[in-house]
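**Student:**
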Amino acid sequence: MKLDRREFIKQAAIGSALATAGSLFPGISFGSWNRLAGGPGVLAWQKTPCRFCGTGCGLLVGVSDGRAVAVKGDPNCTVNKGLCCMKGYHSVQALYGRDRITTAKVRKNGTLVEVPISEALNLVAEKLKETRDTYGKDSVAMYGSGQWTIPDGYVASKLFKGCLGTNNVEANARLCMASAVTGFMTSFGLDEPMGCYEDIDHADVFVTWGNNMAEMHPVLFSRMLSNRKRRAGVKIIDFATRFTRTSQAADKTIIFKPQTDLAVANSICYEIIKNNWVNDNFVNEHVSFHKGKTNIGYGTEDHFTFSDSAETIDFEAFKLFLEDYTPEKVEKISGVPAEEIKYLASLYGNPSLKVTSFWCMGMNQHTRGTWINNLVYNIHLLVGKISTPGNSPFSLTGQPSACGTVREVGTLTHKLPHGVVMNENDRQMAAEIWQVPVENIDPKPSYHTVEMFRALDRGDIKFMWIQVTNPMVTMPNLRRYRDGALKDDRFVVVSDVYPTPTTDVADVILPAAMWIEQEGMFGNSERRTQHFAQIVDPPGEAMSDTWQIIEVAKRLGFEKQFPWSQDNYIEPIWEEYRRFHTGPKHEMAPYTVLAERSGVQWPFVDGRETRWRYNPAYDPACKNDKDFDFYGKKDNRAWIWARPYEPAAESPDEEYNFWLNTGRVIEHWHTGSMTRRVPVLHNAVPSSYVEIHPEDAADLGVVNGELVKIISRRGELTMPAQINGRGVPVRGMVFVPFFDESYLINEVTLDAFCPISKQPDYKKCAVRLEKA
Amino acid sequence: MMKTHAHHSRGAPLSLLVVSLLLPLATLLGGAATATASDVPDNFDNQGKKLFTAQQRTPTANLSADSGGRTLAEFYALRQYPGSPPRIPHVVDLAFSGNETDCLSCHGKGGYSTEFDAFAPVTPHPENVLCTQCHAQTKTGEPFVETDWVSIAAPKLGLSFLGSSPPPIPHSLQLRENCIACHTGPGAVVEIRIDHASRGDCRQCHAAVPQSQPLTEFTRK
Amino acid sequence: MPIFSYLAIPKRDARKSLCEELSTLEHCQVIPADNQDVVVVVTDTPDEHTEKQLQHTIKSLPSLQSLSLAFGYNEKLE
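Residue numbers (numbering that gives the first Met the number 0), protein chains in the order written: chain W, 0 to 771; chain P, 0 to 220; chain D, 0 to 77.
#1: Can you tell me which of the three DSSP states P:Ser66 falls into?
#2: Using the beta-carbon count (16 or more within 10 Å), is W:Asp536 buried or exposed?
#3: Per the DSSP calculation, W:Trp658 is bridged to which residue(s)?
#4: Please list, in chain order, all residues of the same chain as P:Phe74 whose beta carbon is under 7 Å from its beta carbon, the five residues on each side excluded.
#5: In chain order, what residues of the same chain have a beta carbon less than 8 Å from the beta carbon of W:Glu586, not counting five sequence neighbours either side?
#6: When DSSP builds the beta bridges, which residues end up paired with W:Val689?
#7: Can at least three beta-carbon pairs, one atom from the region 387-400 of chain W and one from the region 514-531 of chain W, be found at a separation below 8 Å?
#8: If W:Lys762 sits next to W:Val707, beta carbons under 8 Å apart, how far is it from one beta carbon to the other, in whole angstroms?
#9: For W:Thr499, which residues in the same chain have their Cβ closer than 6 Å to its Cβ, ignoring the five residues on either side in sequence?
#10: So, using beta-carbon positions, are W:Ala140 and W:Met451 closer together than 8 Å?
#11: Rounded to the nearest angstrom, what separates W:Glu113 and W:Gln92 at their Cα positions?
#12: Name the DSSP bridge partner or partners of W:Pro510?
#13: Can at least three beta-carbon pairs, one atom from the region 173-193 of chain P and one from the region 56-64 of chain P, be found at a separation below 8 Å?
#14: Please report how far the alpha carbon of W:Asn33 lies from the alpha carbon of W:Lys46, in whole angstroms.
#15: Please compile the residues from chain W whose C-beta is within a distance smaller than 8 Å of the C-beta of D:Gln64.
#16: Is it the case that the Cβ atoms of W:Leu224 and W:Ala248 are separated by a distance below 8 Å?
#17: Pull the bridge partners of W:Arg66 from the DSSP assignment, please.
#18: Under 6 Å Cβ to Cβ from W:His530, same chain only, skipping five residues before and after it: list those, please.
#19: For W:Ile27 versus D:Val37, is the C-beta distance shorter than 8 Å?
#20: Exposed or buried, what is W:Asp487 when buried is set at 16 or more other beta-carbons lying within 10 Å of its beta-carbon?
#21: Against W:Leu17, what residues of chain D qualify as contacts under a CB-to-CB distance less than 7 Å, listed in chain order?
#22: From the beta carbon of P:Val208, is the nearest beta carbon of chain W less than 8 Å away?
#23: Does chain D have any CB closer than 8 Å to the CB of W:Lys9?
#24: With distance defined between alpha-carbon atoms, name the residue in W:Thr355, W:Asn723, W:Thr410, W:Cys268 nearest to W:Phe159.
#25: Using three-state DSSP, classify W:Ser117 as helix, strand or coil.
#26: Relative to the C-alpha of W:Thr299, which candidate in W:Pro693, W:Arg479, W:Glu6, W:Val491 has its C-alpha closest?
#27: Rounded to whole angstroms, what is the Cα-Cα separation between W:Gln560 and W:Val277?
#28: From P:Ser197 to W:Val218, what does the alpha carbon distance come to, in whole angstroms?
#29: Per DSSP, P:Ser112 forms a beta bridge with which residues?
#30: How about W:Gly87 and W:Cys49: are their beta carbons less than 8 Å apart?
#31: Could you spell out where the alpha helix (DSSP H) holding W:Gly152 opens and where it closes?
#32: Name, please, each residue of chain W whose Cβ falls closer than 8 Å to the Cβ of D:Ala32.
#33: Enumerate, from N- to C-terminal direction, the unbroken alpha helix (DSSP H) stretches of 4 or more residues contained entirely within the region 551-586 of chain W.
#34: In terms of residue numbering, what span does the beta strand (DSSP E) encompassing W:Lys234 cover?
#35: What does D:Ala69 touch in chain W if you count any residue whose Cβ is under 7 Å from its own?
#36: For the alpha helix (DSSP H) that contains D:Lys15, what are its first and last residues?
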């Protein structure tokens with residue numbers, strides 16, 4: 000975009016007129032125009048949350064001549080206080096890739112043909128109806144995303160659960176946040192963190208649990224670094240399975256063998272008790288002890304089911320359970336020296352240190368993901384380091400609205416916007432707000448994500464609509480699910496902004512409006528709801544996902560439930576959705592407040608945001624007149640769980656002798672469908688590679704850039720080696736970034752999942768290597 | 000009728016002028032790039048600990064201190080090509096030190112030298128203590144014979160991809176993994192000095208895109 | 000290539016129609032105030048002739064009460 004002198008003069012003309020108006024009419028307001036600033040040609044800066052990770056940085060997007068041309072950090076947003084990362088600074092370039100999908104396409108005789116979007120929507124509605132009439136209500140499914148805006152997810156849930164009566168609504172957040180949710184629900188009875196990012200400004204010690212924050216949540220990480228610089232004694236402990244950029248910055252890196260974080264967490268609890276570091280008052284007043292089932296399986300087989308059952312135990316039984324986890328015993332399992340386990344315990348145990356634990360995919364993408372979430376809460380609960388500034392077990396999210404849309408709106412098979420489908424009261428509430436008969440809402444959950452794609456492969460599901468996500472890159476054991484999607488009588492609709500391996504398998508492609516080309520809201524990791532206005536026009540016939548769903552709902556005869564006009568639908572949808580969360584535990588801000596501010600934290604009660612939940616000094620929902628109120632559970636206590644160490648679904652053996660770990664790099668976000676179209680990010684990391692330990696590389700006889708074949712029981716992939724790059728795995732492990740559709744590493748990974756959360760483990764499976 | 004004359008001429012940044020004066024015969028960027036077989040990036044990104052350590056150890060005042068006035072022209076004048084080890088611009092009395100690591104007494108942490116009436120530049124790689132292995136002294140300004148040597152162009156400054164975005168790192172990180180050393184403090188070159196290093200992680204915003212490598216666009220295969 | 004900006008005051012209760020009328024005009028950008036009946040108008044025209052014509056058109060809009068110049072720039076004057 001040319002920022003020429005003429006634009007600059009024009010801006011001066013506007014500025015001069017605004018100034019004149021200001022002097023003639025005191026108090027006059029031109030809305031966002033009053034905030035005019037910036038360089039030549041930029042005519043307006045408008046607020047929005049960033050499009051990428053779950054940090055939820057506030058951005059100001061500079062707009063000139065109807066195009067987004069610049070980005071700066073929003074100084075009014077407490078998340079990032081004016082700073083972004085390289086993805087945020089260049090995010091608007093992701094709108095303008097040359098291969099943007101701007102028209103609808105329909106597959107006719109095997110080839111995709113451009114059609115008017117109304118024709119494509121007609122076909123989607125017809126096919127949905129026909130499939131449902133022929134094969135039953137559970138033969139159609141919606142698969143969405145933690146990048147759905149809140150209204151996107153809300154109308155999807157309303158149409159499928161409320162109107163069509165199927166619980167086949169899932170979202171890719173199942174692949175990234177489900178264990179965090181079940182962790183919160185089992186430990187506290189309510190989802191989402193008790194703390195907020197302000198914890199970073201108070202904590203003395205940060206422990207990152209399998210979490211490369213320097214690359215994945217860079218803005219929060221640099222906030223930690225500047226705190227360490229500014230305040231004496233601040234420490235960062237990197238508890239990890241490979242050396243990363245976070246290890247480069249940490250004061251100490253402790254390496255554990257994959258999956259053994261379970262044992263180490265228990266050992267930390269053992270040490271805390273042994274050394275009398277337990278906060279007795281806190282534990283007596285606010286904690287109860289429980290155990291669940293063990294040997295719970297891995298879900299690799301079709302139709303796998305599991306439901307946990309809680310049994311209340313006492314503190315003594317919990318102590319007895321921990322006897323298996325002395326540091327010396329755990330050293331043998333985990334490879335972490337007993338001294339280092341004791342050191343970690345001493346940090347948590349020291350009453351004068353405030354400790355914040357951070358985690359994200361390392362703990363969530365874990366076949367015992369719910370358990371490890373529980374165990375880290377156990378540590379914080381034993382020492383009472385929770386719900387106070389700086390003392391925070393903090394589960395981070397990876398997507399901009401995994402919390403806002405998937406967890407709060409409840410776009411998972413068992414969820415409703417308030418509560419779960421199994422609960423009659425929750426169904427009643429939804430039926431009333433949605434204006435549908437309560438019988439419409441099926442009390443039985445159907446398929447979680449992995450099982451949903453298995454059902455598509457089996458033919459139990461025949462119609463799937465996929466929005467804002469790229470499962471043909473991200474599903475584990477990918478080959479099975481791609482072959483399934485391509486079967487003859489399967490009908491796949493994909494709404495997206497660029498061609499991807501998922502649009503490659505589509506029967507209908509709907510051009511989607513992206514991010515600031517529509518109005519919407521995201522919800523970030525710290526319970527912050529962030530509104531953005533439509534800032535630029537979508538290209539061609541591109542349409543918001545919300546409106547696509549509404550168009551189809553109207554074609555299916557649900558005008559009554561979807562009465563809104565295209566000129567104004569986000570505000571009424573928000574105000575309808577907000578009714579689900581009435582009350583001090585989850586009150587959401589009204590639309591007018593959201594539109595004004597750079598994000599608002601819920602519970603938003605009497606005009607005030609809640610920064611620390613369960614703490615009566617900050618949280619108006621606390622009612623018990625004690626120093627904390629864990630009101631999520633019926634016993635008003637937080638639950639400590641006895642959860643054992645159990646091995647991974649698949650560990651290296653003689654034949655497949657390496658761990659395979661997958662993840663991200665700072666430059667690219669998820670499957671790279673957006674970030675690879677940002678020149679600076681693509682040029683920094685143009686393609687994927689396999690990180691390999693230098694000694695292992697020497698044994699294989701490969702040098703940097705040479706090709707390595709990675710072989711698992713599911714598939715194989717040949718890609719260049721990176722040796723001593725920014726990440727260095729330990730011996731016996733390789734790491735592959737998954738952003739690159741040319742190297743589909745998920746054809747190699749395993750679709751094992753946590754039986755409680757049903758979230759797959761992308762961090763652990765067994766492979767062998769060959770020099771290619 | 001009120002008329003306003005607007006004068007908005009924006010000259011090229013000083014730094015670009017300096018560079019072009021210094022290297023009038025500079026070849027175009029990219030000509031000197033060696034294409035590697037794969038897209039696997041250079042390895043020097045794994046030396047980031049140096050950067051984080053320097054950020055942690057450097058006093059806040061130094062991180063944001065103003066420049067001592069050393070310019071890019073002076074910086075490149077000591078180098079045969081961008082990235083080459085600079086010559087030592089001052090007398091080194093080896094008899095006095097007897098120990099090469101004495102260079103680090105000034106160039107390790109920087110600071111004001113009364114002897115040279117200047118702020119000492121900080122080395123980004125103090126772990127390599129045999130300084131004169133690479134850094135040559137200058138005993139004479141006269142060439143033995145004239146040379147037809149032609150250098151490549153120095154990286155251009157301010158090449159942000161968007162008007163408001165942080166510019167990428169234009170040079171290789173090899174031996175220059177510690178951004179703090181050259182880009183902050185009074186010893187830093189005035190055109191490339193920054194004052195926001197307290198944020199801690201330079202590579203959070205500045206992507207490594209060396210200008211000596213060809214730029215490509217993403218296309219689906 | 001003149002650029003001008005004006006403050007336009009609509010007739011009573013005519014702010015909306017003034018904005019609508021203005022936004023149909025070429026070379027013309029409209030920024031209404033949120034809380035007062037005042038509209039900022041910016042014109043960016045290719046030549047003086049067009050500018051004069053546009054100014055005339057704006058002045059003759061039925062919903063306009065008054066138009067006052069805030070900023071004027073013409074390349075030829077430099």
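Virtual Cβ for every residue (Gly too), placed ideally from N, Cα, C.
Being a predicted model, the structure only gives us computed values, none of them experimental.
**Tutor:** With the structure as the only source:
#1: For P:Ser66, the three-state secondary structure derived from DSSP is coil.
#2: Under this definition W:Asp536 is an exposed residue.
#3: In the DSSP assignment, the residues bridged to W:Trp658 are W:Met732, W:Ala765.
#4: Answer for P:Phe74: Val188, listed in chain order.
#5: Excluding positions up to five away in sequence, the list reads His580, Trp601, Pro602, Phe603, Val604.
#6: Note: W:Val689 sits in a beta bridge opposite W:Ala720.
#7: Cβ pair count under 8 Å is three or more, so yes.
#8: Contact between W:Lys762 and W:Val707 does not hold, since their C-beta atoms are separated by about 19 Å, which reaches or exceeds 8 Å.
#9: Excluding sequence neighbours, W:Thr499 sits near Asn469, Ser672.
#10: When the beta-carbon positions are compared, W:Ala140 and W:Met451 come within less than 8 Å of each other.
#11: Near 25 Å, if we compare the C-alpha coordinates of W:Gln92 and W:Glu113.
#12: Per DSSP, W:Asp495.
#13: A contact is defined here as three or more CB-CB pairs under 8 Å, and the region 173-193 of chain P meets this definition with respect to the region 56-64 of chain P.
#14: Low confidence applies to W:Asn33: its pLDDT is 42, below 50, so where it sits in the model is not reliable, and the reading given next is rough at best. The alpha-carbon separation between W:Asn33 and W:Lys46 amounts to approximately 13 Å.
#15: Chain-order list of chain W residues neighbouring D:Gln64: empty, with the shortest C-beta distance near 14 Å, by a criterion of under 8 Å.
#16: Result yes, Cβ atoms of W:Leu224 and W:Ala248 sit closer than 8 Å.
#17: DSSP output for W:Arg66 lists W:Ser63 as bridge partner(s).
#18: If we look at W:His530 and ignore the five residues flanking it on each side, its Cβ neighbours are Met520, Leu593, Ala594.
#19: Their beta carbons are under 8 Å apart, which means W:Ile27 touches D:Val37 by this criterion.
#20: With fewer than 16 other beta carbons inside 10 angstroms of its own, W:Asp487 counts as exposed.
#21: Within 7 Å of the CB of W:Leu17, the CB atoms of chain D belong to Val39, in sequence order along the chain.
#22: At least one chain W Cβ lies under 8 Å of P:Val208.
#23: For W:Lys9, a Cβ of chain D is located within less than 8 Å of the residue's own Cβ.
#24: For W:Phe159, the closest of W:Thr355, W:Asn723, W:Thr410, W:Cys268 by C-alpha to C-alpha distance is W:Thr410.
#25: Helix at W:Ser117.
#26: Comparing C-alpha distances from W:Thr299 to each of W:Pro693, W:Arg479, W:Glu6, W:Val491 shows the shortest one belongs to W:Arg479.
#27: Spanning the two alpha carbons is a distance of roughly 53 Å.
#28: Put simply, the backbone Cα of P:Ser197 is about 13 Å away from that of W:Val218.
#29: For P:Ser112, DSSP records a beta bridge to P:Ala117.
#30: It is a contact, given that the beta carbons lie within the stated cut-off.
#31: Following the DSSP letters along the chain, one finds W:Gly152 inside the alpha helix (DSSP H) bounded by residues 149-156.
#32: Within 8 Å Cβ-Cβ: Ala20, Phe24, Ile27, Ser28, Phe29.
#33: Fully enclosed alpha helix (DSSP H) runs of 4 or longer: 569-577.
#34: 234-239 is the extent of the beta strand (DSSP E) around W:Lys234.
#35: For D:Ala69, the neighbours in chain W by C-beta distance under 7 Å run, in chain order, Ser15, Ala16, Thr19.
#36: For D:Lys15, the uninterrupted alpha helix (DSSP H) segment begins and ends at 14-22.
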